[in-house]
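For reference, the structure discussed in these notes is given below.
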Amino acid sequence: MINRRTVLLALLFVLCCNYSFAQSEYLIVKDTARAYQEPPSYFKQQVDYRFKNPDAVGFSPLRGYVGLMTIAPWRDNTGNKNYQLGFLEAGVYYRQGAHGGTWEDWHKLVMTAPSGVTTLDGYTKITRGGANLALGPGVADHSFMSFFARSNTPETRSGWMGYGASGDKTLSITNEIDGGDIVLLPGGNGNVGIGVQAPPAKLTVNGVVLATRMRVSQNLTWPDFVFKKDYQLPSLQELDTYIQQHQHLPEIPSAQDIARDGQDLGEMNRLLLKKLEEVTLYIIQQDKRINALEQQLKNK
């Protein structure tokens, strides 16, 4: 028969187990040294939670308090480093530190809002394969994106795109590689438009284009053939008849054509040169005729 002592011991064991399980339902956050930062070697084979002042653990620019979580997988460096998470209103931060050393710098964890928007503060780098993309912070209207595409000098910027100093409304694209080009490559049959929503040509500009020099490269037959002996120069009478009927020179687009289709600079220059060469031939013919008439007058 079981005696009273055995029953009491059993009840005491059950009560102790229940109390132990109840205690394990939550973890206690220590609040014993808010203004002190324990070194990495202080923590050994444990998970620790502490309540700290931000300036005590490296968050001096931030206000409020820090919930500090420390994970110490092992008692020395043979088990790698110790790790900490800092919980603040400004976000969640991570750092690590080796036994016998000091804590490294904090790194803010990237959070995605329920809307799907991810916000990155400060100068942000995206790196892979020796090249990276850097996003500069928007400060005083200055916002930019930098490109680092040189594996031999990965810290040297290759180019950038963005807005300059405060008040500058110009969006700039710069290639900083010596001899580097800026090329726009629309996909498929796409076009490039400036000041126009649906560009109908490879490059469409709605406005004035200012250039110090322009070269049009086309596979055109240049009108040197006008000066060849077998060229059939229209007579002035034929030219007059055509002008009276069409109100413009032969081969030259009409005003209606230009208004509808615009003008091809290369083709227009070729046609104008051809007409100039024909005018030159007309002048030469007239000069010969005048000289002949003058000679006839002298002989009378």
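Taking the numbering used here, the leading residue of the sequence shown gets 4, the next gets one more, and so forth.
The C-beta atom is built at its ideal place from N, Cα and C for all residues, glycine as well.
Backbone secondary structure at residue i - three-state DSSP
{"i": "Ala25", "result": "Residue placement at Ala25 cannot be trusted, given a pLDDT of 47 that sits under 50; the coordinates are not used to answer."}
{"i": "Arg292", "result": "helix"}
{"i": "Gln298", "result": "helix"}
{"i": "Tyr285", "result": "helix"}
{"i": "Met72", "result": "strand"}
{"i": "Leu279", "result": "helix"}
{"i": "Gly345", "result": "Given that the chain is displayed from residue 4 to residue 303, the structure contains no residue 345 and the question cannot be resolved."}
{"i": "Asp171", "result": "coil"}
{"i": "Tyr86", "result": "strand"}
{"i": "Leu112", "result": "coil"}
{"i": "Lys303", "result": "coil"}
{"i": "Thr81", "result": "helix"}
First and last residue of the uninterrupted alpha helix (DSSP H) at residue i
{"i": "Asp34", "result": "No alpha helix (DSSP H) contains Asp34, which DSSP labels as neither H nor E."}
Residue i - containing beta strand (DSSP E), residue span
{"i": "Thr177", "result": "Leu174 to Asn178"}
{"i": "Ile246", "result": "Counting along the chain, Ile246 falls outside any beta strand (DSSP E), though it belongs to the alpha helix (DSSP H) covering Leu239 to His249."}
{"i": "Arg98", "result": "Gly94 to Gly100"}
{"i": "Ile255", "result": "Ile255 -> no beta strand (DSSP E), and no H or E assigned at all."}
{"i": "Phe54", "result": "Gln49 to Lys55"}
{"i": "Tyr166", "result": "Gly162 to Tyr166"}
Identified DSSP bridge partners for residue i
{"i": "Phe151", "result": "Asn135"}
{"i": "Lys128", "result": "Ala137"}
{"i": "Thr121", "result": "Thr115"}
Pairing CB atoms from the segment 248 to 262 with CB atoms from the segment 200 to 211, are three or more of them under 8 Å?
Because the criterion of three Cβ pairs below 8 Å is not met, the segment 248 to 262 and the segment 200 to 211 do not touch.
Runs of beta strand (DSSP E) wholly within the segment 183 to 224 (minimum 3 residues, chain order):
195 to 197 and 206 to 208
Can you find at least 3 beta carbon pairs, one from the segment 262 to 269 and one from the segment 284 to 294, that sit closer than 8 Å?
No, the segment 262 to 269 is not in contact with the segment 284 to 294.
Would you call the segment 207 to 224 and the segment 170 to 187 in contact, with 3 or more CB pairs under 8 Å?
no
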